[in-house]
Amino acid sequence: MVNSLILQNFRLFESVPLHFEGPVVFLCGSNGQGKTSLLEALFYLANLRSFRTSRTSEMIRLHAPSAVVGASVSFRDWSRQLAVEIDETRKLVVDGKHVVRASEFAGSFNTVTFLPDDPEIITGRSQVRRKFLDMFISMLDHGYFTALQAYYNGIKNRNCLLRMKDAGDDVIRSYHPALAKYGAEIVQAREIHLRVLSDFMRNILEDLKPELADLQLKFRTVHELSDPKIFEEKLERNLEKDRLNGYTTTGPHLDDFDFVADGKSLKNYGSRGQCRATSFALKEAEFDIVKNHSMSKDNTVVIVDDATGDLDKKTQEAFYHKISEAKQVFCSFTEIPDNHLTQQSQIIHITAGRAV
Numbered sequence: 070m071v072n073s074l075i076l077q078n079f080r081l082f083e084s085v086p087l088h089f090e091g092p093v094v095f096l097c098g099s100n101g102q103g104k105t106s107l108l109e110a111l112f113y114l115a116n117l118r119s120f121r122t123s124r125t126s127e128m129i130r131l132h133a134p135s136a137v138v139g140a141s142v143s144f145r146d147w148s149r150q151l152a153v154e155i156d157e158t159r160k161l162v163v164d165g166k167h168v169v170r171a172s173e174f175a176g177s178f179n180t181v182t183f184l185p186d187d188p189e190i191i192t193g194r195s196q197v198r199r200k201f202l203d204m205f206i207s208m209l210d211h212g213y214f215t216a217l218q219a220y221y222n223g224i225k226n227r228n229c230l231l232r233m234k235d236a237g238d239d240v241i242r243s244y245h246p247a248l249a250k251y252g253a254e255i256v257q258a259r260e261i262h263l264r265v266l267s268d269f270m271r272n273i274l275e276d277l278k279p280e281l282a283d284l285q286l287k288f289r290t291v292h293e294l295s296d297p298k299i300f301e302e303k304l305e306r307n308l309e310k311d312r313l314n315g316y317t318t319t320g321p322h323l324d325d326f327d328f329v330a331d332g333k334s335l336k337n338y339g340s341r342g343q344c345r346a347t348s349f350a351l352k353e354a355e356f357d358i359v360k361n362h363s364m365s366k367d368n369t370v371v372i373v374d375d376a377t378g379d380l381d382k383k384t385q386e387a388f389y390h391k392i393s394e395a396k397q398v399f400c401s402f403t404e405i406p407d408n409h410l411t412q413q414s415q416i417i418h419i420t421a422g423r424a425v
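Going by this note's numbering, the first residue of the sequence shown is number 70, and it counts up by one from there.
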């Protein structure tokens, strides 16, 4: 579990040490006081990215040169001291030693989040869906995370060469074998895990929203790219076109998936209530899978940011009962809720960037 959290010049917080006494922590306070920022800090330590912004400068307190987020974590038979200095370069520290590679830091614990903007996974851009899917699979398969890093580094370098008029074709081709290898692994893993998510979601939606119980996750990809040989051949065939465009026009970096119920895309035709229920079922399915997987079941932290207001009392109670199976739960509320978790929770009140 996360035993303590230290923030310095992070968002509203100038300097805040927090100690967590058990597996359930409730953060209570009015809107705009810093509850979500605390949850964001926990998420950042696990994933080295924010669930609120892609610009790290936004996490640094106004007029401060940098921010620091640190934590003491322990799961099963190991413990770590983690710290990140957030500035233009980002410095990572594990047990007092600087580390260079993100893979040496990220993944110390896993997070499943329930956030107010989760419906954007249904209705938003394809990048939002790829981000969700990649983070989900990476919790279950560290090899997938390695493949992602290698693939996107290769795409970045190939695209850079495609825009250089004096870059020879053979130099560009030198990236093709690795791109085909890792790209095929990514497509294969996404196909498998989307099928698993579909099955779990349908079971959840039978109770939550029966009209959506036939839901399917439709994978929008070039399916033959799951074969590395075909992938490499396609990169070769597209080389001239890619030079003209200045970027790689095929591969899993362009993948997408759609939520389809009753033959209709929820992105285009779903009501607000249907999209909310579907995103909630997606996150519940993610939690059900992660908490039972050998790679992630012992170090999963659930983060809930005031995201259950649309649920009826019975569904809320069932939800909080389910997430209590996680190793640790952090929830934010404007008012202390009346549910079975409240009696076993540590309640921290947040006011104007201070915790009491």
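Glycine residues also receive a C-beta, built at the ideal position from the N, C-alpha and C atoms.
ask   = Under 9 Å between the Cβ atoms of LEU81 and ALA110?
value = no
ask   = Anyone know if the C-beta pair for PRO297 and ARG259 falls short of 9 Å?
value = no
Proximal residues to GLY315 (C-beta, below 8 Å), its chain only, five neighbours per side dropped = ASN228, LEU231 and ARG232
query = When the Cα atoms are used, what is the spatial distance from MET128 to GLY193?
reply = 23 Å
task = Whole angstroms is fine: what's the gap from THR105's alpha carbon to SER393's?
result = 20 Å
ask   = Would THR180 pass as a contact of ALA115 if the rule is Cβ separation under 9 Å?
value = yes
message = Below 8 Å on the Cβ atoms is my contact criterion, and I expect LEU184 with ASP374 to pass it. Report the Cβ-Cβ distance as a whole number of Å.
response = 5 Å
task = Please confirm whether PHE205 and VAL398 have their CB atoms less than 9 Å apart.
result = no
query = Which parts of the stretch 285 to 331 are runs of the alpha helix (DSSP H), unbroken and 4 residues or longer, counting only runs that do not cross its ends?
reply = 297 to 306 and 308 to 314
query = Is GLY422 closer than 9 Å to GLY103 when the C-beta atoms are compared?
reply = yes
Residue interval of the alpha helix (DSSP H) (run including ALA115) = 104 to 116
ask   = How many Å lie between ALA387 and LEU304 at the Cα?
value = 49 Å
inquiry  = Less than 6 Å between C-beta atoms, sequence neighbours within five positions excluded: which residues of the same chain meet that for ASP357?
reply    = PHE269
Supposed close pair SER295, ALA253 - CB separation, criterion 8 Å = 5 Å
task = Look up GLU83 in the DSSP assignment and say whether it is helix, strand or coil.
result = strand
inquiry  = Determine whether the beta carbon atoms of VAL370 and LYS396 lie at a separation below 9 Å.
reply    = yes
ask   = Between which two residues does the beta strand (DSSP E) carrying GLY422 extend?
value = Note, GLY422: premise wrong, no beta strand (DSSP E); not H, not E.
inquiry  = For a test of the three-state rule: what should DSSP assign to ILE155, helix, strand or coil?
reply    = strand
query = Hey, how far is the Cα of LEU335 from the Cα of ASP327?
reply = 8 Å
request  = Give the range of the alpha helix (DSSP H) segment to which LYS360 is assigned.
outcome  = 341 to 360
inquiry  = In the DSSP output, which residue or residues are listed as bridge partners for ALA140?
reply    = LEU74 and LEU151
query = Going along the chain, which residues of its own chain have a beta-carbon closer than 6 Å to the beta-carbon of GLU355, five neighbours each way excluded?
reply = VAL181 and PHE205
message = Tell me the rounded alpha-carbon separation between PRO406 and LEU87.
response = 22 Å
Rounded straight-line distance, which links the Cα of ILE273 to that of THR384 = 11 Å
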